[in-house]
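Counting from 1, position 376 in the sequence shown corresponds to residue 365 in my numbering; the numbering is continuous, with no gaps. Glycine included, every Cβ here is placed at the ideal spot set by N, Cα and C.
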Amino acid sequence: IDTTVQQDMEKLQHTFPHFQDEYRLIKRIGEGTFSTVYKAEDLRYDYYINNWDIDADDGQWTPPPLRSSSASHLNSAARRKPKFVAIKKIYVTSSPARILNELELLHDLRASPSVCPLITAFRESDQVLLILPYFRHQDFRKYYPKMNIYDTRVYLRALFTALAAVHARGIIHRDIKPTNFLYDPDKKRGVLVDFGLAEREGTDTKPCLCHEDRQVRKHRLQQSVAFNSIHTGLQPGYPKQDTRPSRRANRAGTRGFRAPEVLFKCTEQTTKIDIWSAGVILLTVLCKRFPFFNSADDVEAMIEIATIFGSKRMRLAGQLHGCMFDATIPTISSQGFSFEKIMLWSTCRSDGGRDGSANALTPEEKEAVEFLSRCMDLDPTRRISAEEALQHPFLMVDSD
Ligand code: ADP
Ligand code: MG
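Have a look at this one:
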């Protein structure tokens, strides 16, 4: 282990009283924007013997076994089997409100087997530690190139099962991406982690046009176009010519996974933003390209999406949220490209027979692409929900 990691681990052990009696730090397993995560052995045997047990493999709480005397249990093999935990050290630069939010949401989701539960948490002045059961998983970069359609179905079913549980509680995760869905391809199980950016649907929202019906939307848009041309005497739509106060919307998330309505600064975002991000993961797996989108900022992200969907559909998508979309970039065509074409190109199958027969997608792949188009619908109100997705033929799969 390199010395700075070693030093950080030493420091952590000495910040919290009794830390060394309760946990043995093993290694650093993650370093993100908001935290460092370590793998550790949980030494609190008594805690487990006297309390409910937690199975790190499936994240389920189970009561302790019934036994005649605790002494015999202490001698059992189970007692010596190490229990691993993930210790998430939140950076001191995180606001207390944010940390509390993550703790509260995890508490709300404690009954969901596909969300990594919180065992406990500690605070020592400005330092906060979350203790989670360690979940064995593999690196997405390692397994996605080898995933066939069956593996893809099983993986997505696990992801959408987790999303359905989170969304049923009215919670938006906001940062769905491979590193926040810990998946074990051998066991075909996965859990969602990292609720640091998550929020309850409906907090901090202001009415957005996308929630109005079509007629109302059309009328308001015409009004705003008229307003703009009267007040500026210029064509509407360009930021520098727009005299209205700039819009503020939650943009939290990871570039490349942000839904179009987040880019268009929709002020009434819903759980559908997570579905788009899950769609981007599916696109990655089908096209075998990671990261699929590689934009440096929101404007570039819009250009990437517009390249696929074409300027016409992109313009309509913007209008949903009262935004004008206009692009003069030659690579953005009016109609864009179908996901089927994109998949064939990315998997180098577009140079087959003249009649196209050699390039065709298999019926299974076609079903995958159809499901993908339901997840990556530019219109959040038409995009499939997690609950509906679980009923879609693509996710109707038996993984046992
Ligand atoms: P951050 O907010 O810094 O992204 P995360 O909660 O996403 O923090 O954790 C970062 C990484 O740590 C994850 O991508 C994963 O590799 C690892 N990790 C987090 N929780 C667990 C866990 N319960 N079991 C195993 N590894 C974990
Ligand atoms: Mg993370």
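For residue i, three-class secondary structure by DSSP
i	result
L171	strand
G307	helix
T370	coil
A241	coil
L384	helix
S300	helix
N90	helix
Q324	coil
L98	coil
E257	coil
M365	coil
N348	helix
M313	coil
A151	helix
C197	coil
P280	coil
A375	helix
Q212	helix
Residue i beta carbon near the ligand ADP (any heavy atom closer than 7 Å)
i	result
L350	no
V155	no
T336	no
V(-6)	no
F124	yes
L98	no
I15	no
L89	no
A75	yes
I160	no
S24	yes
C105	yes
I108	no
I18	yes
L121	yes
L272	no
L171	yes
Heavy atom of the ligand MG within 7 Å of residue i beta-carbon
i	result
T168	yes
G242	no
D183	yes
G21	yes
Exposure label - residue i; buried when at least 16 CB within 10 Å
i	result
L95	buried
S84	exposed
V155	buried
F326	exposed
A285	exposed
V182	buried
D115	exposed
C337	exposed
Y27	buried
Y139	exposed
I318	exposed
Q258	buried
L333	buried
D392	Outside the displayed range of the chain (-10 to 389) lies residue 392, so it cannot be described from this structure.
S58	With a pLDDT of 44 at S58, under the threshold of 50, the modelled position of this residue cannot be trusted, and the question is left open.
Y227	Low per-residue confidence applies at Y227: pLDDT is 47, beneath 50, and the placement is therefore not dependable, though the value from the model is reported in the following sentence. Result: exposed.
H3	exposed
H7	exposed
Beta bridge counterpart(s) of residue i as assigned by DSSP
i	result
K176	Beta-bridge pairing links K176 to no other residue.
Y27	R17, I76
A110	L119
V104	L181
R158	None; R158 has no bridge partner.
R338	DSSP, once it has assigned bridges, lists no residue as partnering R338.
R189	I160
Y12	D31
Cβ-heavy atom distance, residue i to the ligand MN, below 7 Å
i	result
N137	Among the ligands modelled here, namely the ligand ADP and the ligand MG, the ligand MN does not occur.
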